[in-house]
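Asker: I am attaching a structure below and will ask some questions about it afterwards.
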Amino acid sequence: MNILTFDIEEWFHLLDNASTRTEAEWSRYETRIYKNMDLIFQLLEDTNSRATFFCLGWVADKHPDVIRRIDAAGFEVATHSYAHQLAYEQTPAEFQADLERSIKHLQDLTGKKVRAYRAPGFSIKEFNRWVFPILIEQGIEIDCSVFSARRAHGGDASLAMFEPGYLDVGGTLLKEFPINTAAVLGQDLIFSGGGYFRLLPYRAIRGLMQRSNYVMTYFHPRDFDAGQPMIPGLSRSRQFKSYYGLKGCLPKLKQLLTEFAFVDLAEAEQQVDWTKVIRREAIR
């Protein structure tokens, strides 16, 4: 099972960077989301692909026509928070208010229930699993935030989820579609989205795809924007991670979608036999 998803945010929505940290800084940057969304829509049309779009409520607020276009094309709209803040830097009250605001903006535009969520930067760790009860309270039925490997902004290896399953949240079950990893030389390698996908050569990605029974992708409009300006304040390593491979990402993804079959999250949910999946206790 290969799942195609996009996180819909602007090119300047980089986490943990002073010049792009909050809405107060975002007004300084040009709008590039329209041209980048055009690339995504054309890619999906060319490859006859379905995808789920995890959208910021901020995008719905500032650029509602982007969300309307996604919905009008028949694609599933999910939430990626409102203001793209790291969940573990928020209080539970702040997280809930942000999530509720995002869901409202998205549902008002589409007239459809928002069922799925992905945390910015996969920023759910063992100490902030209080996120999960709030998701359920807000009507979220599917989470795609679990990242059972080390990463800069999140990761909860203790959950050890690498395929679809249930999170037991105080007796209530939340469907989880985590990020997949592949074991390479004893290390858990991520290859299916963002900077990881841009950094790896296509031959390596193809080989990892062929040996994987489950792949959850995640791409951003900025991943295909080779002309975007350099964000100020980034370290050299962060510049490399954020800008390397932008020019080749779109043709690389097009080749991937041509060679392998992908589904959106809604279809993936239907394909899973939920009576046989793993179950992890999220809240003790």
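For the sequence shown, position 132 (counting from the first letter as 1) is numbered 132 according to full-length UniProt numbering, and the numbering increases by one without interruption. Glycine included, each C-beta is placed from N, C-alpha and C at the ideal position.
1) Where does Q74 land, buried or exposed, given buried means 16+ other C-beta within 10 angstroms?
2) Which residues in the same chain as E100 place their Cβ atom closer than 7 Å to its Cβ, once the five residues preceding and following it in sequence are excluded?
3) Can you tell which of R129, F95, W58, G121 has its C-alpha closest to the C-alpha of L106?
4) Say whether the segment 78-88 touches the segment 41-48, bearing in mind that this needs 3 or more beta-carbon pairs closer than 8 Å, one atom from each stretch.
5) Looking at I283 and F132, is the spacing between their C-beta atoms short of 8 Å?
6) Check this for me: beta carbons of A160 and A149, under 8 Å apart or not?
7) Let me check one thing: in DSSP terms, what residues is V75 bridge-paired to?
8) Which class does E89 belong to by DSSP, given the choice of helix, strand or coil?
9) Here's the rule I'm using: 16 or more other beta-carbon atoms within 10 Å means buried, otherwise exposed. How should D98 be labelled?
10) Return the first residue and the last residue of the beta strand (DSSP E) that R279 is part of.
11) I need the straight-line Cα distance from D143 to I190, nearest angstrom please.
12) Between S19 and P229, is the Cβ-Cβ spacing less than 8 Å?
Answerer: On the basis of the coordinates in this document:
1) The residue you call residue 74 lines up with position 74 of the sequence shown. Here residue 74 turns out to be Gly, not Gln, going by the sequence shown. With fewer than 16 Cβ atoms within 10 Å of its Cβ, G74 is classed as exposed.
2) Taking the sequence shown and counting its residues from 1, the one referred to as residue 100 is at position 100. When the five nearest sequence neighbours on each side are left out, the beta carbons in the same chain lying within less than 7 Å of the beta carbon of E100 are those of Q138, in order along the chain.
3) In the sequence shown, the residue the question calls residue 106 occupies position 106. For L106, the closest of R129, F95, W58, G121 by C-alpha to C-alpha distance is W58.
4) With a cut-off of 8 Å, the segment 41-48 and the segment 78-88 do not count as touching, because too few Cβ pairs lie within range.
5) Here residue 132 corresponds to residue number 132 of the sequence shown, with the count starting at 1. Here residue 283 corresponds to residue number 283 of the sequence shown, with the count starting at 1. At the C-beta level, F132 and I283 come within 8 Å of one another.
6) The residue labelled residue 160 in the question sits at position 160 within the sequence shown. The residue labelled residue 149 in the question sits at position 149 within the sequence shown. For A160 and A149, no; Cβs fall outside 8 Å.
7) The residue labelled residue 75 in the question sits at position 75 within the sequence shown. Correcting the residue identity first, residue 75 is Phe in this sequence and not Val. When DSSP reads this structure, F75 sits in no beta bridge, so it has no partner.
8) Counting from 1 along the sequence shown, the entry for residue 89 is found at position 89. Reduced to three states, the DSSP call for E89 is helix.
9) In the sequence shown, residue 98 corresponds to position 98, counting from 1. Within 10 angstroms of the beta-carbon of D98 lie 16 or more other beta-carbons, which makes it buried.
10) Sequence index remark: in the sequence shown, residue 279 carries index 279 (1-based). 278-283 is the span of the beta strand (DSSP E), which, as asked, contains R279.
11) For the purposes of this step, residue 143 is identified with residue 143 of the sequence shown, where counting begins at 1. For the purposes of this step, residue 190 is identified with residue 190 of the sequence shown, where counting begins at 1. Answer to the nearest angstrom: the Cα atoms are 19 Å apart.
12) The count along the sequence shown starts at 1 and reaches residue 19 at position 19. The count along the sequence shown starts at 1 and reaches residue 229 at position 229. With a cutoff of 8 Å on beta-carbon distance, S19 and P229 are scored as not near each other.
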